[in-house]
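Note sheet for the following structure.
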Amino acid sequence: MPDRDFLKEIMETEAEAASRIEKAREDAQLERQRIRQETSTLIENAYSEAASIRQKTLDEAESRYAELISDQTSVTVQPLESLSEDELNGAADDIAERIISLLEHC
């Protein structure tokens, strides 16, 4: 009888171990699903925030562009023929400085 009790105890222990392993697998699966959901939510929030930042930047750029365009319409440009040689040289120098400045920032 002791052998049978020992065998029964071994079988019960193995069944308990199998049950615990199955429970651990189920718990791990649930944890993976929870983490996936959290990650998905975080990614969605990041995309939303990036879209908001992008839209804000575009709005600011459009506003600045509108300001620049409105400033351009108020500027009167003299025909080149009416400018003196000194004025033309000064304008050429100004343009050259702007080009150099732009190239330095690229």
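Residue numbers (numbering that gives the first Met the number 0): 0 to 105. Don't be surprised by glycine CBs; every beta carbon is placed ideally from N, CA and C.
Distance, E15 Cα to E37 Cα: So the alpha carbons of these two residues sit roughly 33 Å apart.
Under a three-way DSSP split, which group does S83 fall into? Looking at S83 - three-state DSSP - the assignment turns out to be coil, as it is neither helix nor strand.
Distance check for Y46 and K7, CA to CA, integer angstroms please. Going from the Cα of K7 to the Cα of Y46 covers about 58 Å.
Complete beta strand (DSSP E) runs within the stretch 4-53 (minimum length 3 residues, chain order): You should have found no qualifying run.
Is S69 near the ligand PLP, going by C-beta to nearest heavy atom under 6 Å? With respect to small molecules bound, the structure shown includes none, and the ligand PLP cannot be examined in it.
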